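Have a look at the structure below, then the notes.
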Amino acid sequence: MKKLVLFASGSGSNVQAILDHFTNSDQIQVSLILSNNPLAGVLERAKKAQVECLVFNKFAFAEAGSIHKILQQINPDLIILAGFLWKIPNFMVTEFSEKIINIHPALLPKYGGKGMYGSHVHNAVVANQEVESGITIHYVNENYDEGAIIKQAVCNILPSDTPADVARKIHDLEQQYFPITIEKLLQ
Ligand code: GAR
106 MKKLVLFASG SGSNVQAILD HFTNSDQIQV SLILSNNPLA GVLERAKKAQ
156 VECLVFNKFA FAEAGSIHKI LQQINPDLII LAGFLWKIPN FMVTEFSEKI
206 INIHPALLPK YGGKGMYGSH VHNAVVANQE VESGITIHYV NENYDEGAII
256 KQAVCNILPS DTPADVARKI HDLEQQYFPI TIEKLLQ
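Numbering of the sequence shown is given in the numbering used here, commencing with residue 106 and proceeding in unit increments.
Below, the structure is given as C-alpha cells:
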C-alpha cells in the first residue's frame, strides 16, 4: 500500500477530494493529515473519514523536528501540501526531495511567492484584469512556489468575475485535477 501524508491549514476541500478519490483504493491510502491550525475545517473532515490527524505548532515543525521524525517513521510515498501555508523547512525538503508536492491557485510563475495564497491570489488576478488563471501542481523546493511544475490547468476569467467567482473556478479545477495527478505520480 502506498502512503500519502497531507498537510493543510484551512477548510480542506482539496483534502476532501483526495480522501474521496482514494477511499476505496487498495493501492493508495491517506495515512495522516497534519495541520498547523487547531481551528481548521480540515480536522473535522479527517475525523469523519476516520483518518488520523495531528495539529502541530511552529516549534514542533521547524525547530524540534518532531514532525520530521513522524514523517521518517511513516516513510510516505508522497507528502502533499493541500492548502498548507507554512514554508517547509530546508531539512525536510532535502530529506524528502521529489516527494513533496504543492497545489497553488494560479498559473505559476505568475502570482507566486510569499504572501500569495488563497484569496490574495484571486484578488490580484481580478485587479490585474487577467483573462485567464488556473492551478499549478508542483514539487516543493527551498523557495516558495518555485519547484518543478508537474501539471497546470487553465480557466477563463470574465470581466464580470469577482474574486469569489475566480475562487470557485479554481476550486473546481483543483478538485478535478489534484487527485488524478497524485495517482499518476504514484504509478
Ligand atoms: C487552495 O485553493 C490552494 O490552492 C491554496 O489554498 C486553498 C486551500 O483550499 N493554496 C495556496 O494558496 C498555497 N500557496 P482548501 O483548504 O479548501 O483545500
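All C-beta atoms, glycine included, are put in the ideal place defined by N, C-alpha and C. Note that this is a predicted model, so its numbers are computed, not measured.
Flag residue i as yes when its Cβ comes closer than 6 Å to any non-hydrogen atom of the ligand GAR, and as no otherwise.
i           : result
residue 320 : Outside the displayed span of the chain (106 to 292) sits residue 320, for which this structure offers no information.
residue 117 : yes
residue 223 : yes
residue 188 : yes
What does the alpha-carbon distance come out to for the pair residue i and residue j?
i           : j           : result
residue 116 : residue 216 : 21 Å
residue 142 : residue 292 : 32 Å
residue 254 : residue 243 : 4 Å
residue 172 : residue 161 : 8 Å
residue 206 : residue 229 : 24 Å
residue 198 : residue 248 : 10 Å
residue 251 : residue 234 : 24 Å
residue 201 : residue 131 : 24 Å
residue 170 : residue 177 : 11 Å
residue 280 : residue 287 : 12 Å
residue 212 : residue 189 : 18 Å
residue 193 : residue 167 : 8 Å
residue 191 : residue 125 : 25 Å
residue 293 : residue 218 : The displayed coordinates of the chain run from 106 to 292. Any statement about residue 293 would go beyond what the structure contains.
residue 127 : residue 156 : 12 Å
Please classify residue i as buried or exposed, where buried requires at least 16 other C-beta atoms within 10 Å of its C-beta.
i           : result
residue 275 : buried
residue 225 : exposed
residue 106 : exposed
residue 237 : exposed
residue 318 : This structure gives no information on residue 318, because the portion of the chain shown stretches from 106 to 292.
residue 196 : exposed
residue 266 : buried
residue 122 : buried
residue 144 : exposed
residue 204 : buried
Taking 7 Å as the CB-CB limit, is residue i close to chain D?
i           : result
residue 122 : This model lacks chain D altogether, as it is built from one protein chain only.
Rounded C-beta distance between residue i and residue j? I'm assuming under 8 Å.
i           : j           : result
residue 278 : residue 239 : 6 Å
#### Entry: Length at least 3, wholly inside the region 150–220: the beta strand (DSSP E) runs in chain order
Counting only runs of 3 or more, we get 158–160, 183–186 and 205–209.
### Task
Ignoring anything shorter than 4 residues or poking outside the region 221–253, list the alpha helix (DSSP H) runs there in chain order.
The DSSP assignment places 223–232 as complete runs of the alpha helix (DSSP H) inside the region 221–253, in order along the chain (cut-off: 4 residues).
### Message
Quick check on the DSSP output: what are the complete alpha helix (DSSP H) runs of length 4 or more inside the region 110–136, in order along the chain?
### Response
Runs found: 118–127.
#### Entry: Segments of 4+ residues assigned as alpha helix (DSSP H) that fall wholly inside the region 248–290
For the region 248–290, whole alpha helix (DSSP H) runs of length 4 or above, ordered along the chain, are 268–290.
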